[in-house]
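Those letters in the sequence shown? Residues 117 to 460, by the numbering used here. For glycine and all other residues, C-beta sits at the position ideal for the given N, C-alpha and C. Fair warning: this is a prediction, and the values are worked out from it, not measured in the lab. Data first, discussion second: the structure below is written as structure tokens.
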Amino acid sequence: MTSPAIAFGPGRVNLIGEHTDYNDGLALPFAISEGVTVRAVAIGDGRIDAVAADLGERDSFPVASPAPAEGWRGFVRGAAGELERAGARLVGAELQFSGTVPRGAGMSSSAALEVALVLALLSVSGVAVPDRIELAKLCSRIENDWVGARTGLLDQIASLYGEADHALLIDFRTLSVRPVPLRLDDSRLITLDSGEEHTHAGSGYNSRRAECAEAASLLGVASLRDATLEMAASLPEPLSRRARHVITENSRVEDAVRALEQRDMAAMGCLLDASHASLRDDFEVSTPAVEDAVSRCKDAGALGARIMGGGFGGSVLALLPGAAQAPIGAVDVRPGPGARVTAP
Ligand code: GLA
């Protein structure tokens with residue numbers, strides 16, 4: 117038997133900069149140590165046999181012409197389909213994957229899976245890994261075109277570019293990525309699951325994205341990155357508030373980078389709170405379960421807490437001072453390295 121290719125794709129936490137990626141804006145995520153591992157063994161009969169170990173489910177399809185499918189199968193077929201479309205000649209393989217990122221918790225289990233699948237398929241087929249931005253775009257096409265979620269590039273870039281002890285300042289207009297040291301001193305970052313699972317394909321995510329596109333088009337700008345608060349105020353509701361969120365969130369990302377550089381955790385906490393208020397009131401992606409999780413973090417003494425990721429459920433992120441006791445069920449998170457092939 118040929119030796120397996122093993123690839124790992126981490127999930128991510130987004131410190132700040134939510135719903136900015138598909139508006140050519142700014143975000144400040146980091147990769148976490150939890151993620152998805154894919155093991156691929158060449159079987160040489162032109163098929164992919166895939167096993168979702170955590171679910172005990174299987175799939176099988178021709179590697180050169182995968183048809184779309186629902187659920188996790190859509191990701192695996194999309195990975196093969198997009199790689200083939202990009203010109204990679206893939207070998208037939210047996211794929212097995214399992215993950216440690218909770219699904220639907222806003223920590224990007226989807227991107228972790230896409231990234232790990234693509235790296236494992238390239239590695240087992242002996243195909244060189246392309247530029248990481250191209251790979252991020254390819255992975256996002258899996259999500260957009262095979263899974264039906266019109267997500268941006270935040271999660272894939274965070275997973276591919278992660279660096280230990282750093283957050284990543286991403287400018288989605290230029291697609292530049294700048295690592296920013298994340299020194300928390302004696303404070304900690306935690307996530308707390310709201311208990312409400314979300315899916316991007318089924319939630320209001322796609323409609324928020326459409327609203328932003330409509331706002332930009334009414335303002336006659338290429339994206340909301342070019343809009344000002346004065347311009348946003350001229351829009352009809354709810355587009356006015358949607359645009360205001362995007363504009364103020366971009367500024368908060370810039371302020372957060374300064375707060376990190378100055379190691380000003382109190383300022384960072386205020387920015388997390390302001391981001392949450394904007395996501396709740398202007399972008400309207402919070403839910404009662406999320407509000408409850410944020411309150412539990414604040415009651416525990418958090419300097420700031422906010423909904424994370426696409427919203428409509430999932431986890432919240434909180435910054436706790438060292439002396440505070442985290443709410444029950446909270447998980448400590450810190451920046452870890454990005455996606456990698458661990459074998460051969
Ligand atoms: C999800 C999407 C990202 C991004 C965030 C919101 O995680 O996958 O592309 O839009 O929501 O910031």
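Which residue from Gly-133, Ala-123, Pro-120 and Asp-140 puts its Cα closest to that of Ala-338?
Asp-140
Residues bridged to Val-129 (per DSSP):
Phe-146
Residue of Thr-403, Asp-309, Ser-256 and Ala-359 minimising C-alpha distance to Ala-332:
Ala-359
Counting C-beta neighbours from all protein chains within 10 Å, is the total for Ile-94 16 or more, i.e. buried, or is it exposed?
Any question about residue 94 goes unanswered here, given that the chain covers just 117 to 460.
Pull the bridge partners of Asp-175 from the DSSP assignment, please.
Ala-166
Report the start-end ranges of each alpha helix (DSSP H) in the region 389 to 427 that is 4 residues or longer and not cut off at the edges.
404 to 415
With respect to the beta strand (DSSP E) encompassing Gln-212, which residues constitute its N-terminal and C-terminal limits?
209 to 215
DSSP-derived helix/strand/coil call for Phe-124
strand
Taking just the CA atoms, how far does Val-207 sit from Glu-400?
45 Å
Would Ala-328 and Leu-345 be called neighbours here (beta carbons separated by less than 8 Å)?
The question names Ala, but residue 328 in the sequence shown is Cys. It is not a contact, given that the beta carbons lie outside the stated cut-off.
Would you list the residues whose beta-carbon is nearer than 5 Å to any heavy atom of the ligand GDP, in the order they occur in the chain?
With respect to the ligand GDP, the structure offers nothing, as its ligand set consists of the ligand GLA.
Quick check on Asp-170: buried or exposed, where buried means 16 or more other Cβ atoms within 10 Å of its Cβ?
exposed
Beta-carbon proximity of Ala-147 to Ser-275, cut-off 8 Å
yes
Only counting runs of 4 or more residues, tell me where the alpha helix (DSSP H) segments fall wholly within the region 273 to 340, in order along the chain.
321 to 335
Return helix, strand or coil for Ala-446, following the three-state DSSP convention.
coil
Secondary structure of Arg-155, DSSP reduced to three states:
strand
Per-residue DSSP class, three states only, for Thr-458:
strand
Can you say whether Ala-166 is buried or exposed, counting buried as having 16 or more other CB atoms within 10 angstroms of its CB?
buried
Within 8 Å (strictly less), CB to CB, does Ser-241 reach chain B?
This model lacks chain B altogether; it includes just one protein chain.
Name the DSSP bridge partner or partners of Ser-93?
Shown here, the chain extends from 117 to 460; a query on residue 93 therefore has no answer.
What span of residues does the alpha helix (DSSP H) with Pro-190 cover, start to end?
Just to set this straight, residue 190 is Gly in the shown sequence, not Pro. Gly-190 -> alpha helix (DSSP H) spans 187 to 201.
Looking at Gly-127: is its Cβ nearer than 8 Å to the Cβ of Ser-225?
yes
Pairwise C-alpha distance: His-361 and Arg-368
10 Å
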